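K.L.:
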Amino acid sequence: MSLLLLGLCVIVCGGFLALLLCNKPKLSSWLACAGVVVGSVLGLIPAITVLLNGAKESLRYDWSIPFGSFFIEIDPISALFLIPIFGLSALAAIYGTEYLWPYRQRKFLGVPWFFYNLLAAAMAVVVLARNAVLFLIAWEVMSLASFFLVTFEHEEKQNRDAGWTYLVAMHIGTAFLLAFFILLGSNTGSLDFDKIGNIAPSAANILFLLAVIGFGTKAGFMPMHVWLPEAHPAAPSHVSAVMSGVMIKTGIYGIVRTLTLLGQPPEWWAWLLIAIGVSSGVLGVLFALAQHDLKRLLAYHSVENIGIITLGLGLGVLGLSIGSPTLAVLGFAGGLFHVVNHALFKGLLFLGAGSIVHVTGTREIDHLGGLLKRMPWTGLTFLIGAVAISGLPPLNGFASEFLIYLGVFKDGISNGVQAVVLTLCIIGGLALIGGLACACFTKAFGIIFLGEPRTEHARHAHEVKLAMRIPMLILAICCILVGLFSPFLIRHAVFVITQVTSLDSQVVALELSETFAIMWRFVVAAVLLIVLAVFLAAMRKWMLRGRSVRSAGTWDCGYAAPSARMQYTASSFAQPLTYLFKPFLRTHSKSVSAKEYFPAESDFATETADISGRYLFEPTFNWINRTLSRLHWLQHGRLQIYVLYIALTLLVLLIWKMR
Amino acid sequence: MNLISIANSVLAVLLAPLMFGIINRTKAVFAGRTGQPLLQAYYDISKLFQKGAVYSNTTTWVFRAGPIVGFAAVLAATVFVPFGGLPALFAFKGDFVVMVYFLGLARFMTVLSALDTGSSFEGMGASREVTFSALAEPSFLIGLAAIAKYTGHISLSPMLAGINAASWGHAAPALALIGLAFFVVLLAENCRIPVDDPNTHLELTMIHEVMVLDHSGPDLGFIIYSSTLKLWLLGSVLIGIIVPVHSGIFLLDTVSSLLGMLGLAVVIGIIESTMARLRLLHVPQLLLGATALSILALVLVLR
Chain A
1 MSLLLLGLCV IVCGGFLALL LCNKPKLSSW LACAGVVVGS VLGLIPAITV LLNGAKESLR
61 YDWSIPFGSF FIEIDPISAL FLIPIFGLSA LAAIYGTEYL WPYRQRKFLG VPWFFYNLLA
121 AAMAVVVLAR NAVLFLIAWE VMSLASFFLV TFEHEEKQNR DAGWTYLVAM HIGTAFLLAF
181 FILLGSNTGS LDFDKIGNIA PSAANILFLL AVIGFGTKAG FMPMHVWLPE AHPAAPSHVS
241 AVMSGVMIKT GIYGIVRTLT LLGQPPEWWA WLLIAIGVSS GVLGVLFALA QHDLKRLLAY
301 HSVENIGIIT LGLGLGVLGL SIGSPTLAVL GFAGGLFHVV NHALFKGLLF LGAGSIVHVT
361 GTREIDHLGG LLKRMPWTGL TFLIGAVAIS GLPPLNGFAS EFLIYLGVFK DGISNGVQAV
421 VLTLCIIGGL ALIGGLACAC FTKAFGIIFL GEPRTEHARH AHEVKLAMRI PMLILAICCI
481 LVGLFSPFLI RHAVFVITQV TSLDSQVVAL ELSETFAIMW RFVVAAVLLI VLAVFLAAMR
541 KWMLRGRSVR SAGTWDCGYA APSARMQYTA SSFAQPLTYL FKPFLRTHSK SVSAKEYFPA
601 ESDFATETAD ISGRYLFEPT FNWINRTLSR LHWLQHGRLQ IYVLYIALTL LVLLIWKMR
Chain B
1 MNLISIANSV LAVLLAPLMF GIINRTKAVF AGRTGQPLLQ AYYDISKLFQ KGAVYSNTTT
61 WVFRAGPIVG FAAVLAATVF VPFGGLPALF AFKGDFVVMV YFLGLARFMT VLSALDTGSS
121 FEGMGASREV TFSALAEPSF LIGLAAIAKY TGHISLSPML AGINAASWGH AAPALALIGL
181 AFFVVLLAEN CRIPVDDPNT HLELTMIHEV MVLDHSGPDL GFIIYSSTLK LWLLGSVLIG
241 IIVPVHSGIF LLDTVSSLLG MLGLAVVIGI IESTMARLRL LHVPQLLLGA TALSILALVL
301 VLR
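In order, the protein sequences belong to chains A and B.
Heads up: the first sequence runs through residues 1 to 659, numbered per the numbering used here.
Heads up: the second sequence runs through residues 1 to 303, numbered per the numbering used here.
#1: By the three-class DSSP mapping on this structure, what secondary structure does A:A605 have?
#2: Between which two residues does the beta strand (DSSP E) harbouring A:K590 extend?
#3: Leaving out five residues before and five after B:A7 in sequence, what residues of the same chain have Cβ atoms less than 7 Å from its Cβ?
#4: So, helix, strand or coil for A:F108, using DSSP?
#5: When the distance is taken between beta carbons, is A:G39 closer than 8 Å to A:G68?
#6: Residues in its own chain within less than 6 Å of A:L42 by CB, not counting five upstream and five downstream?
#7: I need the boundaries of the alpha helix (DSSP H) containing A:S2, first residue and last residue.
#8: Go to A:A552, then tell me how far its beta strand (DSSP E) extends in each direction, as first and last residue.
#9: Quick one, which of A:R469, A:E618, A:K56 has its alpha-carbon nearest A:I72's?
#10: Can you list, in chain order, the stretches of the alpha helix (DSSP H) that have 4 or more residues and sit fully within the stretch 427-494 of chain A?
#11: What residue from B:D219, B:G143, B:V54 has the CA that sits closest to B:V237's CA?
#12: Which residue marks the beginning of the beta strand (DSSP E) containing A:I74, and which one marks its end?
#13: Beta-carbon within less than 7 Å of B:G221's beta-carbon, same chain only, minus the 5 sequence neighbours each way: which residues are those?
#14: Using only alpha-carbon positions, find the residue among B:K149, B:L262, B:L75 that is nearest to A:T423.
#15: Of the residues that make up the stretch 212-232 of chain B, which ones have a beta carbon closer than 8 Å to any beta carbon in chain A?
#16: Let me know if A:Y116 comes out buried or exposed under the rule of 16 or more other beta-carbons within 10 Å of its beta-carbon.
#17: Give a yes or no on whether the minimum CB-CB distance between A:E153 and chain B is below 8 Å.
#18: A:R436 touches chain B at which residues, Cβ-Cβ below 7 Å?
#19: Please determine if the stretch 168-184 of chain B and the stretch 466-475 of chain A are in contact, where contact requires at least 3 C-beta pairs separated by less than 8 Å.
#20: Just to confirm, is the Cβ distance from B:F71 to A:L383 under 8 Å?
#21: Pick out the complete alpha helix (DSSP H) segments inside the stretch 46-94 of chain B, 4 residues or longer, and give them in chain order.
#22: Grab me the residues of A:N305's own chain with a C-beta within less than 6 Å of its C-beta, minus the 5 sequence neighbours each way, in chain order.
#23: My assumption, with CB atoms under 8 Å, is that A:C440 sits in contact with A:L289. Please give the rounded CB distance.
#24: Looking only at its chain, what residues have a beta carbon closer than 7 Å to the beta carbon of A:K590, apart from the 5 residues adjacent to it on each side?
#25: With a threshold of 8 Å between beta carbons, is A:K410 in contact with chain B?
#26: Please specify which runs of the beta strand (DSSP E), each continuous and at least 3 residues long, are wholly inside the stretch 2-33 of chain B, giving them in chain order.
#27: Counting Cβ pairs closer than 8 Å, one from the stretch 73-92 of chain A and one from the stretch 206-219 of chain A, do we hit at least three?
#28: Would you mind telling me which residues of chain B sit closer than 8 Å to A:Y405, beta carbon to beta carbon, in chain order?
#29: Could you compute how far the alpha carbon of A:V359 sits from the alpha carbon of B:Y101?
#30: At which residues does the beta strand (DSSP E) containing A:D62 begin and terminate?
#31: For the stretch 548-559 of chain A, list every residue whose C-beta sits within 8 Å of some C-beta in chain B, in sequence order.
#32: Please state whether DSSP places A:E156 in a helix, a strand or coil.
#33: Rounded C-beta distance between A:T664 and A:T608? I'm assuming under 8 Å.
#34: Apart from the five residues on each side of it in sequence, which residues of its chain come closer than 6 Å, Cβ to Cβ, to B:V195?
#35: Quick one: which residues of the stretch 561-595 of chain A get their C-beta closer than 9 Å to a C-beta of chain B? List them in chain order.
#36: Keeping to the same chain, check which residues put their C-beta closer than 7 Å to that of B:S311; ignore five residues upstream and five downstream.
Put into structure tokens, the structure is as follows:
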């Protein structure tokens, strides 16, 4: 515990030092980065220890805030979330030193670093806090710190708008959480998590719904995900990596923690989570397909992966409610394993996207091309991330999805409507998500890194510096190793799963060791694949020995003057699928078609705005705006009158109390 | 793990190209031609293996990795599929999911190596490939789930061994629906008519063939070999369902499966001779139809 606290202090101190020295860009960057790295290493040690031995450690101080206490505890669930938080924050910080460097003339770099360190520390406190007041404070610090990072480039209107959307979404979420904690604490009169117990089923239902909306807004459940595709592109890329890789997972953490507090779940919670999982997963990947802004595309993929995680959690809850340990263990194991895996590959992909933006200055996929020759390391690591996020073996993304598949197949719901719905939702859903994710990432990698550069930006791209390459390389290696060593990792998840499911640890251990045996064979098959590929490569080399191996132009059907602009673009690559799913996507396209025999110019543009943004939130907020504007006369900026309002409110409250 | 089951993979590697020969011979008979030799695919592959290679200037190592990873993945997938009297080399719970995803990896790399050439034709083929496979995958997995629920096993070998003449007696509708759905998936995944025409020579209308336009020499050999293997692989799953001879007598089971594969190749040949390729816009409807069949089968099994 002391190491953990020391680590948090080092992170925060690094941030404050960076703020104080903000006129010295180099020093403040390195101090802040060193703070995050040292603090994270210090924090990782207890996190890994707790995950492996299952011990709990807590620390409690009284606090003068009503109902508040400084009560933190590290247990296996917290440890599981702390590992990606510390790991990814540290790697992204190293990356950030180089990424933010070009901004040094225009901005004080100490300021974003201060908020970055605050964000890293706040995320850790969120998963450690065991008192609602402390939790909400950390939650708010996390949201605000990331808001200031999202609006880092606030000169551009779209970034200010994104920040605004983000701020509003976060506070609507927090409002539900406030209600959640007030209701949670009203039973026992204490807001410490360990004193909560014996919640009536009707209250538990309401609490669960509040948690799903409140935490789901952070996690990015459809349709509360609207802030993700706005905020992620606006933030600097290493911050996007942290936000998408770990910050949205605090929402998942909140739901998992809520489930442990509320006791035995009724079955409809599971179906709700499964429904959210399928809709977020499928719609997330569909909207990702329709995007041609790389970071927006990745943001929608976060929605998709949160969907997969939620599917896992829903399956686990179903297992608990119908009393099937297999389903519970495999569901939660798959969902929580995907939390870690998504942090690895999404962190990697956002850092890769950052490198692309860094050297080409554009996020527009259709303006890139041919970058693999110019940025070999970024390309290789991005490809590994792309394979992993598409859920393909032998990398880590497949391992966690496989656990979810296994749960559905293994479990005993053998008959009836439930079994049909479950199989369709999860097997059909995961298969469709997998296929569409492959389409999306062959598009992203293929159009950006392969072929010929489509613009001058892409033509003059070059590899990024070492400080940006190393974090990507580490994450890529982690994706491979976690995939190949997944059986061992699964076997060590026994304490986490026991705590989440509240099942007997023997039962969990038995289930996990059976899973270990299954995963182990998968790994052998994956190794066989790798060995075969190496063998075939050697075989081809041997076959081509002494024969002519020539280079020539790509086959162009005899056309005389092919140009790079004739290549397939991201929009054209995705067109068959976006056409097929147009009732959901509602892509708007504008085109000026070619006229006359020798057309001078033509133009084509597509835009896929978010349906829930456009058809749900925009009308709602417009209505609220219209309605509340009638109260506009109350607000006119005169401070004295505001003080009068406060006095009057107090008076009313006193009279009400006197009654 | 039964080491003798390695014979399944060996059999697949040895016999897969023959399927192409039988299909082409059937088509020739229908057209009144003599047709190419039955072993033509073997000749093609061995000729390509003896040639040099030409690589496009645009391409990178991804282009060279594509055929190799594709072939390795399909070859590795053969260890999950039982054939005739022999169970699969690797049989574990959920193995068919791994098999489907291995084929997915092969497709991922093939698509990337097509995009690596920068050719708009190959981009077009790649785009169609990912579209159709994304739609075919749910159909295949839901169908497999239905069989898993029906037989009570979740590993491909016992699943297929669990289907015998008696099961066709009392679950004929479900099994027929799954068989039909898998047949559509097989045609789509292997780029046969009515989804794709392997004989077409117009770049604009091709899917799989256009993706590999720029490959040459051993690389093209690997690609042709892996497409024959893929046909063999999906064919063995389909034959395991529709030729339900799982008596336990090794010779009987294996011979009937081999005859089943022969029959499958003839049927594909007949379809290619008598049907036209669908318009590309109609292919998704066919695949959604296959998914609907799988869903119906699942409902029938679980009702």
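Each residue gets a CB set at the ideal place from its N, CA and C atoms; glycine is no exception.
The structure presented is a predicted model; accordingly, all values stated were derived computationally and were not measured.
P.N.:
Inspection of the coordinates gives the following:
#1: strand
#2: 588-592
#3: L86
#4: coil
#5: no
#6: L3, L6, G7
#7: 2-20
#8: 549-552
#9: A:K56
#10: 429-449, 456-459, 466-484, 486-491
#11: B:G143
#12: 69-74
#13: I45, L48, F49
#14: B:K149
#15: L213, D214, G217, P218, D219, F222
#16: buried
#17: no
#18: Here residue 436 of chain A turns out to be Leu, not Arg, going by the sequence shown. Per Cβ cutoff of 7 Å: A134.
#19: no
#20: no
#21: 61-77
#22: H342
#23: 5 Å
#24: A605
#25: yes
#26: none
#27: no
#28: G94, V97
#29: 34 Å
#30: 57-62
#31: S548, V549, R550, S551, A552, G553, T554, W555, D556, C557
#32: coil
#33: Because chain A spans 1 through 659 in this model, residue 664 of chain A falls outside it and cannot be assessed.
#34: L187, A188, V283
#35: P562, A564, M566, Q567, Y568, T569, S572, F573, A574, Q575, P576, L577, Y579, L580
#36: In the structure as shown, chain B begins at 1 and stops at 303. Residue 311 of chain B is therefore absent and cannot be evaluated.
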